[in-house]
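Numbering (our numbering), first residue to last: 568 to 674.
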């Protein structure tokens, strides 16, 4: 979970933008659906998800990983939708490893 100060910062940000903007953001996300075209992605993809993410759960990340050829899925234990803020070391390590693999000769 997020540290208390980070949670407070995010809450303040949500309060500043107001409920209408937040609602519009959530509606746009809900309406944006390209799942039937994900298999067309032909580039390396790193998919990082937290085990406690309720907005984009692990099953959605697994779907992407299954449909995108050559993708890499990293599931970060105990992290929510803010995995990059909650577990930056794990996220940075996953990105570093992913980029190192891409830089290998013959890739």
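The beta carbon of each residue, even a glycine, is placed where N, CA and C say it ideally should be.
Asked, Found
"Proximity winner among 647, 633, 655, relative to residue 621 (alpha-carbon distances)", "647"
"Boundaries (first-last residue) of the alpha helix (DSSP H) holding residue 574", "571 to 584"
"Segments assigned beta strand (DSSP E), at least 3 residues, entirely inside the stretch 577 to 632", "613 to 617"
"Any 3 or more C-beta pairs closer than 8 Å across the stretch 606 to 615 and the stretch 582 to 592", "no"
"7 Å Cβ shell around residue 661 - same chain, five flanking residues per side excluded", "613, 615, 641"
"Those residues which DSSP pairs with residue 639 across a bridge", "613"
"Same chain, Cβ closer than 8 Å to residue 635, five either side skipped, listed in chain order", "605, 606, 608, 612, 614"
"Assumed close pair residue 665, residue 639 - CB separation to whole angstroms, cut-off 8 Å", "6 Å"
"Residue 652 vs residue 573 beta-carbon contact at 9 Å", "yes"
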